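Chemist: Its first residue numbered 1, the sequence shown is counted upward by one per residue in UniProt numbering.
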Amino acid sequence: MSKPTNQKKAWSIADAEQLYRVKRWSNGYFDIGECGNLMVVPRYNEANLKINMREVIDEMQAKNIAFPAVIRFHDILRSQVELINKTFRSVIEDSDYEGKYFGVFPVKVNQMREVIEEIVDVGNRFNYGLEAGSKPELAAALAYNTNNDSLTILNGYKDEEYLRLALLGRKIGRKVVIVIEKFSELNMLVKLAKSMDVRPIIGLRIKMMVKGRGKWESSSGERAKFGLSIGEILTAISLCEQENLLDCVQLLHFHIGSQLTDIRAIKEAVQEAATVYTQLIKRGVPIQYVDVGGGLAVDYDGSQSTNDSSCNYDLSQYVADIVTGFKQNCDLQSVPHPHLVSESGRAITAHHSCVVTKVIGEINPGGTQFPTKKVTGEHIIVTNMRDIYQGLNDDNYQEAYNHIVPLKEQAIQAFKLGVLSLEEVAKTETLYWSTLNAIESITEHLNFIPEELKEIPELLSSQYLANFSVFQSAADSWAIEQVLPVVPISRLNEKPSKLCSLVDITCDSDGKIDKFIGDETVANNVPLHKLNKDEDYFIGLFLTGAYQDVMGDMHNLFGRLNEVHIVSYDDDPKDFYIEEVVKGSSMENVLSTMQYTPEIMAQSVKRAIDRKIQQGQIKPREGVDLIDFYEDCLRGYTYLK
Numbered sequence: 001m002s003k004p005t006n007q008k009k010a011w012s013i014a015d016a017e018q019l020y021r022v023k024r025w026s027n028g029y030f031d032i033g034e035c036g037n038l039m040v041v042p043r044y045n046e047a048n049l050k051i052n053m054r055e056v057i058d059e060m061q062a063k064n065i066a067f068p069a070v071i072r073f074h075d076i077l078r079s080q081v082e083l084i085n086k087t088f089r090s091v092i093e094d095s096d097y098e099g100k101y102f103g104v105f106p107v108k109v110n111q112m113r114e115v116i117e118e119i120v121d122v123g124n125r126f127n128y129g130l131e132a133g134s135k136p137e138l139a140a141a142l143a144y145n146t147n148n149d150s151l152t153i154l155n156g157y158k159d160e161e162y163l164r165l166a167l168l169g170r171k172i173g174r175k176v177v178i179v180i181e182k183f184s185e186l187n188m189l190v191k192l193a194k195s196m197d198v199r200p201i202i203g204l205r206i207k208m209m210v211k212g213r214g215k216w217e218s219s220s221g222e223r224a225k226f227g228l229s230i231g232e233i234l235t236a237i238s239l240c241e242q243e244n245l246l247d248c249v250q251l252l253h254f255h256i257g258s259q260l261t262d263i264r265a266i267k268e269a270v271q272e273a274a275t276v277y278t279q280l281i282k283r284g285v286p287i288q289y290v291d292v293g294g295g296l297a298v299d300y301d302g303s304q305s306t307n308d309s310s311c312n313y314d315l316s317q318y319v320a321d322i323v324t325g326f327k328q329n330c331d332l333q334s335v336p337h338p339h340l341v342s343e344s345g346r347a348i349t350a351h352h353s354c355v356v357t358k359v360i361g362e363i364n365p366g367g368t369q370f371p372t373k374k375v376t377g378e379h380i381i382v383t384n385m386r387d388i389y390q391g392l393n394d395d396n397y398q399e400a401y402n403h404i405v406p407l408k409e410q411a412i413q414a415f416k417l418g419v420l421s422l423e424e425v426a427k428t429e430t431l432y433w434s435t436l437n438a439i440e441s442i443t444e445h446l447n448f449i450p451e452e453l454k455e456i457p458e459l460l461s462s463q464y465l466a467n468f469s470v471f472q473s474a475a476d477s478w479a480i481e482q483v484l485p486v487v488p489i490s491r492l493n494e495k496p497s498k499l500c501s502l503v504d505i506t507c508d509s510d511g512k513i514d515k516f517i518g519d520e521t522v523a524n525n526v527p528l529h530k531l532n533k534d535e536d537y538f539i540g541l542f543l544t545g546a547y548q549d550v551m552g553d554m555h556n557l558f559g560r561l562n563e564v565h566i567v568s569y570d571d572d573p574k575d576f577y578i579e580e581v582v583k584g585s586s587m588e589n590v591l592s593t594m595q596y597t598p599e600i601m602a603q604s605v606k607r608a609i610d611r612k613i614q615q616g617q618i619k620p621r622e623g624v625d626l627i628d629f630y631e632d633c634l635r636g637y638t639y640l641k
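1) Please report how far the alpha carbon of R491 lies from the alpha carbon of E131, in whole angstroms.
2) Can you tell me which of the three DSSP states P527 falls into?
3) Taking the beta strand (DSSP E) that G69 falls in, what are its first and last residues?
4) Note down, in chain order, each residue of its chain lying with its Cβ closer than 7 angstroms to the Cβ of C500, except the 5 sequence neighbours on either side.
5) For P136 versus R170, is the C-beta distance shorter than 8 angstroms?
6) Can you give me the Cβ contacts of S2 inside the same chain, cut-off strictly under 6 angstroms, excluding the 5 residues immediately before and after it?
7) Counting beta carbon pairs with one atom in the stretch 527-545 and one in the stretch 342-357, are three or more of them shorter than 8 angstroms?
8) Identify which residue in S421, T383, L422 and F415 has its Cα closest to the Cα of I404.
9) Leaving out five residues on either side along the sequence, give the residues of the same chain with a beta carbon under 8 angstroms from the beta carbon of E117.
10) Is the beta carbon of T261 sitting closer than 8 angstroms to the one on A236?
11) Going along the chain, which residues of its own chain have a beta-carbon closer than 8 angstroms to the beta-carbon of P620, five neighbours each way excluded?
12) Judging by CA-CA distance, which residue of V276, S258, G284 and A274 is the nearest neighbour of D247?
13) What does the alpha-carbon distance come out to for the pair G418 and E481?
14) Rounded to a whole number of angstroms, what is the C-alpha to C-alpha distance between L502 and I439?
15) Can you give me the C-alpha to C-alpha distance between L640 and D121, rounded to a whole angstrom?
16) Would you report the Cα separation of P4 and E444, rounded to the nearest angstrom?
17) For Q288, which residues in the same chain have their Cβ closer than 8 angstroms to its Cβ, ignoring the five residues on either side in sequence?
18) Take every Cβ of the stretch 64-81, pair it with every Cβ of the stretch 585-605, and state whether three or more of those distances are shorter than 8 angstroms.
19) In chain order, what residues of the same chain have a beta carbon less than 6 angstroms from the beta carbon of A193, not counting five sequence neighbours either side?
20) Ignore the nearest five residues each way along the sequence and tell me which others in K454's own chain have a CB closer than 6 angstroms to its CB.
21) Which word fits F370, buried or exposed, when buried means at least 16 other C-beta atoms lie within 10 angstroms of its C-beta?
22) If we count the other Cβ atoms within 10 Å of its Cβ and call it buried at 16 or more, is T152 buried or exposed?
23) Near D572, what residues of its chain come up, given a Cβ to Cβ distance below 6 angstroms and the 5 sequence neighbours on each side ignored?
24) Are I539 and P488 close, meaning C-beta to C-beta below 8 angstroms?
25) Ordered along the chain, which non-local residues of its own chain (more than five positions away) have a Cβ less than 7 angstroms from that of S305?
26) Thinking just about the alpha-carbon of each residue, which of I348, P365 and V590 is nearest to the one in N437?
27) With C-beta atoms as the reference, is K515 less than 8 angstroms away from D504?
28) So, does the stretch 147-165 touch the stretch 261-277, judging by three or more C-beta pairs under 8 angstroms?
29) Using a C-beta cutoff of 8 angstroms, does R78 count as contacting chain D?
30) Quick one, which of S434, S229 and N467 has its alpha-carbon nearest F558's?
31) What span of residues does the alpha helix (DSSP H) with A10 cover, start to end?
32) Just to confirm my understanding: we take G203, look at its own chain, exclude 5 residues before and 5 after, and list those with CB closer than 6 angstroms. What are they?
33) Where does the unbroken alpha helix (DSSP H) through M188 begin, and where does it stop?
34) Got a sec? Which residues, its chain only, sit under 6 angstroms from K408 by beta carbon, not counting five neighbours each side?
35) Can you tell me the Cβ-Cβ gap for G156 and G133, rounded? I've got them flagged as a contact below 8 angstroms.
36) Near G623, what residues of its chain come up, given a Cβ to Cβ distance below 6 angstroms and the 5 sequence neighbours on each side ignored?
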């Protein structure tokens, strides 16, 4: 029989990297430092510039910025905009492609003003524009995308006001492209363009036959929500010819889904779209742009596979397949190469933002230990459990496990039949969990562990209580079981000894994260460190910059998190500074959103306290303090202190 080994392998930074896969999911923007702290590499072309995340947290605490908090690294955001534009330009030049790249950022992916401002600013020299899918997003795009050489792509269903707003953009000289999602929009646009005396830029979205791969593959195909069939495309072109608007049809659009996991779907879509494009050009339709839509995936789990949370390609492969696909098809048909447009939102914003929260407690299956001392007349089940626990050793641990499991079941049934008392049940629970813990200690360093004992770590796994709301800060984790990387901010040079899932502070049992990066498949737990008394333990939820920032709800009225914007700065001793702090929701904010009036609420509580003072049940000085406390709570942060 295998014996426990006495030698423990020293934990290394390489072990931490293998466990948490930081380099594999972070696209080079995060790393584990030799000090054991998570490091940020904010600029893709400056590997030596690193920010210590523990120092960021220390500075936030010194400035009394409460956690949980969103931390934005604006240099990462700027780097991603530069990277996608430079990659397209490089591949286009190397391939002798005759068109240009005019990317757009989909506002829906992250509507935060600070994010849009950064993207527009760094994208200006690349003529990088915005995509809007609603009237409010269009209003924002008209105000912020002021570069007349960049595109503003308009998707989504449109009413008359939406179209008027779009034509206003044309009036002021913007390249606003109205993508026709259903045929009736074109009839409305023709009438409005004439009444407003403006030449629109028209895009036609084709309903693709090829389907995407991953969670959003239903975005394409015959049952897709948006787009025109081939017959509708040809009818739309005929209408534009009749209305003397054919020269306005300048863009062909397609989209086969978000988070495309398989590069083959992209190749197939490009082939189909290029075929449509070349035939329309030969029919005399003056299309200048082809918009390949979104779909550029983020490798959330670092597996570089076709898992829903991953992808089997990188940015260079994605761009190369688009550019070469259109070039080859156009050259074969002797038609001009179109300008290329992509709406890559997830890949632009995911990495720049993370949620940092503090673990504030542990919920373990063993719970509080109950005294198990033997008493006269106790039930044989309790006696047998105690004997197994006390007799456990390196030679009989498997036999002990085989006995303790059915004994636990017998105890449950005996209690239901009224045979066991509450005290005896408490003793059996304590002895059961104590035995499992002892068996795990024995088997932890064995070279071979029997198959049935491999479930013990899972049974003993803890739930770490973290000060945040899943519904507000990690909505996709709850709604579609999206895997988000979870990594401790510090102590990465120590071996994590606790297998954990995360639970939030909401009163909902669904408020948990139990899907993590695993070796081969998704894991139900993540290894974290034992909580030390009087020592803060911070963890980060990463890749939250796409959708998670803006999709959170008001569950339990927790509201938005405090937000800190970090900018790298070489001349600073810490290589960063906090550029801006955006306060999260106060109780007043979230209550007002739900139609409460905090002032009236405070008056109501004051009246109740005043009555108790008049009745002599509360002293006047205490009453004033209670009123002040209630009003301070209303002005305070919604999360735990």
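From the three backbone atoms N, C-alpha and C, an ideal C-beta is built for every residue, glycine too.
All values reported here derive from a predicted model rather than from experimental measurement.
Modeler: So, to answer that:
1) The alpha-carbon atoms of R491 and E131 are separated by roughly 42 angstroms.
2) Reduced to three states, the DSSP call for P527 is strand.
3) Looking at the sequence shown, residue 69 is not Gly but Ala. For A69, the enclosing beta strand (DSSP E) begins and ends at A69 to F73.
4) Within the same chain, C500 has close Cβ partners S461, S462, Q463, Y464, N525, V526 and L528.
5) Cβ distance not < 8 angstroms, so P136 and R170 don't count as in contact.
6) Legend: pLDDT at S2 = 36, less than 50; position of this residue unreliable, no value from coordinates given.
7) Touching, yes, given that three or more Cβ pairs across the two stretches are closer than 8 angstroms.
8) Checked all of S421, T383, L422 and F415; the closest Cα to I404 is T383.
9) Answer for E117: Y144, listed in chain order.
10) The answer is no: Cβ separation not under 8 angstroms.
11) Answer for P620: I613, listed in chain order.
12) Ranked by Cα distance from D247, the options V276, S258, G284 and A274 are led by G284.
13) Each residue's alpha carbon lies about 41 angstroms from the other.
14) Spanning the alpha carbons of L502 and I439 requires a straight line of approximately 25 angstroms.
15) Roughly 36 angstroms separates the two Cα atoms.
16) Unreliable placement is indicated for P4, whose pLDDT of 40 sits below 50; the coordinate value is still reported in the next sentence. Approximately 8 angstroms, taken between the alpha carbons.
17) Result list for Q288: Q250, L251, P338 and H339, in chain order.
18) No, because fewer than three Cβ pairs between the stretch 64-81 and the stretch 585-605 fall closer than 8 angstroms, the two stretches do not touch.
19) Cβ neighbours of A193 beyond the five flanking positions: P200.
20) Residues of the same chain with a CB within less than 6 angstroms of the CB of K454, apart from the 5 flanking positions on each side, do not exist.
21) Per the 10 Å Cβ criterion, exposed.
22) Buried, because 16 or more other Cβ atoms sit within 10 Å of the Cβ of T152.
23) Cβ within range, chain order: n/a, list empty.
24) It is a contact, given that the beta carbons lie within the stated cut-off.
25) Only N312 meet the Cβ criterion.
26) Of the listed residues, the one whose Cα sits closest to N437 is P365.
27) Between K515 and D504, the C-beta gap is not smaller than 8 angstroms, which leaves the two residues out of contact.
28) No, because fewer than three Cβ pairs between the stretch 147-165 and the stretch 261-277 fall closer than 8 angstroms, the two stretches do not touch.
29) In the structure shown, chain D does not exist; there is a single protein chain.
30) Comparing Cα-Cα distances from F558 to each of S434, S229 and N467, the minimum goes to N467.
31) From DSSP, A10 is part of no alpha helix (DSSP H); its letter is neither H nor E.
32) Within the same chain, G203 has close Cβ partners V177, V179, L251 and H253.
33) For M188, the enclosing alpha helix (DSSP H) starts and ends at F183 to M196.
34) Here the set comprises Y432.
35) Their Cβ separation, rounded to whole angstroms, is 4 angstroms, which keeps G156 and G133 in contact under 8 angstroms.
36) Within the same chain, Cβ atoms closer than 6 angstroms to the Cβ of G623 are found at I609 and I613, the five residues on either side in sequence being excluded.
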